[in-house]
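Below you'll find the structure, written out as structure tokens, and then a few comments.
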Amino acid sequence: KPTGGEYFTSDYFEQLYDLALKLIDDGKAYIDDQSSEDIAAQKGTPTKPGLHSPFRDRSPEENRDLFERMKAGEFQEGSKVLRAKIDMSNPNMHMRDPIMYRIMYSTHHRTGDKWCIYPMYDFAHGQSDSIEGITHSLCSLEFEVHRPLYDWYIENLDIFPSKQTEFARLNLNYTVMSKRKLLTLVEDGVVDGWDDPRMPTISGLRRRGYTPASIREFISRVGVAKRENIIDVGLLEWALRDDLNRVAPRVMAVLNPIKLVITNYPVDKVEWLPSINNPEDPESGTREIPFSRELWMEADDFKIEANRKWFRLAPGKTVRLKSAYIVEYENHICDEHGNVVEVQVKYFENSKSGSDTSGIKAKGTLHWVEQGYAVNAEVRQYERLFADEAPDGHKDKDFTEFLNPNSLEILRNCKIEPSLSDAKPGTTYQFTRLGYFTPDSKNSKEDALVFNRAVTLRDSWKG
């Protein structure tokens, strides 16, 4: 049964050494004095058998003595290696007497200078799995040709039979999954570390607002394949929307605020109006939000000139303010550059949300935030990191040429409702009409809230 925690191959260096001695004693491993260049030259080709090493027929006793002396540090680097004695004519090149141990005088980050011989990956892999009781070792497809060697070691050592199983890598469009290429993005400062919300890492997805349930749903739908394919990242985004639609609390935030003044509302009056937390979850209840004469509204929700299909505010238009009242346009004020900075409306006193408003027509509903209780916040709107569907699929161009220059937009002086003043990372909210947002785990503080957009309400990507 899984016990959790972190495990390192170096935890098993002593056991791996003993297993290597067993193969030596059984006549299935030998010490080779040839250089790495000579060994490579004798490997042959997939269609041409390799040549036996002149040291292949050393006795088990001599091989054990040499291996123990290798461990004791008596030989120089590169002077000797331990090889498995398998089959130099095997069509699988990995089975042609692979190297098991090399001499290396290098301080290990966990074991220090205790060891000067180190196991090769193919030998350490299966034996470490066996020691840990791994039943199925999951590897990507390039390790399929390594499986015969994985099995050979386990069978000839007569240890717990871990099984290697291969699957195709998960590839997403509009991103790169290569750790080397992702490291380049980190080192070049293109992204804010491995947990940047645009990175296809678990830490990046978590910081962006992805939930465990959404990732599990995505993986469940994609399944496990034996053939390399590219998955539309839109499916991952859909899985997040689907989960958050069910569980995310609804709140109101204004990202590009302008003033909204209700001219006929009492100057000093503040109402606390009930608002549903999540219509998809009846048990989520309601919260109370403040409402007064002066509010914040989105600049994009007002047009000086609008056609009949415009259902937001404009001259001659009537709209409902979510969870509050119906209002009608009266006037607007522009600054010296012609930008609208204030919209003035009148409200219908008997049109409070939940009332009978059959006599008043209002096709659109706008979100808003009351000015006096509004909390300032920074909002980071993330898009896909690359503008090209296959950024690393162009042989004649570097993948960084396809970086999306608009993958991050930072909005400051945004206004959010007071219920979010103590918002903590780990909870994702639906900002009404805007998308799903979560407090940033790195930079958000009680006195300086920062929200990351996890995903839009709808797929707005234009490609």
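When we follow the numbering used here, the leftmost residue of the sequence shown carries the number 389, and every step to the right adds one. Using N, Cα and C, we set each Cβ at its ideal position, and we do this for glycine too. As the structure is a prediction and not an experimental result, all values here were calculated from the model.
Counting along the chain, the unbroken beta strand (DSSP E) around Arg490 starts and ends at 487 to 491. Rounded to the nearest angstrom, the gap between the Cα atoms of Glu532 and Asp776 is 31 Å.
Here Glu771 carries a coil assignment [DSSP, helix/strand/coil]. The count of Cβ pairs closer than 8 Å, one atom from the stretch 591 to 599 and one from the stretch 534 to 543, stays below three, leaving the stretches out of contact.
Taken through DSSP and simplified to helix, strand or coil, Met565 comes out as coil. By the neighbour-count definition (other C-beta atoms within 10 Å, threshold 16), Ser528 is an exposed residue. Under the DSSP assignment, Met685 falls in the beta strand (DSSP E) whose first and last residues are 682 to 686.
In the structure shown, Gly514 adopts helical secondary structure according to DSSP, grouped into three states. The continuous beta strand (DSSP E) containing Gln818 extends over residues 817 to 819.
By alpha-carbon distance to Ala836, the top candidate from Val843, Tyr824, Val767 is Val767. With respect to Arg609, Val649 sits apart: the two C-beta atoms are not nearer than 8 Å. In this structure, Leu773 and Leu791 form a Cβ contact; the two beta carbons are roughly 7 Å apart against a cut-off of 8 Å.
Shown here for Lys697: not one same chain residue has a beta carbon closer than 7 Å to its own, the five before and five after excluded.
Judged by their CB atoms, Lys647 and Val729 are nearer to each other than the 8 Å cut-off. Comparing alpha-carbon positions, the option among Asp688, Val635, Ala687, Val733 lying closest to Gly673 turns out to be Val635.
When Glu671, Ala641, Pro813 are compared, the shortest CA-CA separation from Arg594 is found for Pro813.
The C-beta of Trp756 has 16 or more other C-beta atoms within 10 Å across all chains shown, which makes the residue buried. Residue nearest to Lys740 within the set Met488, Ser477, Trp684, Pro662 is Pro662 (criterion: CA-CA distance). When DSSP reads this structure, Glu766 sits in a beta bridge with Val838. For Pro662, the enclosing beta strand (DSSP E) begins and ends at 659 to 664. Within the model, the alpha-carbon separation for Lys468 versus Lys410 is close to 19 Å.
A contact is defined here as three or more CB-CB pairs under 8 Å, and the stretch 502 to 522 fails this definition with respect to the stretch 434 to 453. Under the three-state reduction of DSSP output, Arg675 falls in the strand class. DSSP places Leu845 in the coil class of the three-state scheme, outside both helix and strand. Inter-residue distance for Gly760 and Val655 is about 12 Å (C-alpha atoms, whole angstroms).
Looking at the DSSP output, Glu402 shares a beta bridge with no other residue. Using a Cβ distance threshold of 8 Å, Glu668 and Asp847 do not count as a contacting pair.
Annotation for Ala429: the continuous alpha helix (DSSP H) segment containing it runs 424 to 429. Residue Val578 holds the alpha-carbon nearest to the alpha-carbon of Asn794 among Val578, Asn665, Ala641, Asp780.
Ranking Tyr717, Met483, Glu771 by CA distance to the CA of Pro434 puts Met483 first. Residue range 796 to 804 is occupied by the beta strand (DSSP E) that includes Arg800.
Linking Lys734 to Tyr717 through their CA atoms gives a straight-line distance of about 7 Å. Checking the DSSP bridge columns, you'll see Phe555 partnered with Ser528.
For Tyr717, the uninterrupted beta strand (DSSP E) run begins and ends at 714 to 722, by DSSP. Close CB contacts of Lys749 within its chain, under the 7 Å cut and outside five residues either way in sequence, are with Thr706 (chain order). Cβ-Cβ distances below 7 Å link Arg568 to nothing in the same chain once the five nearest sequence neighbours on each side are left out.
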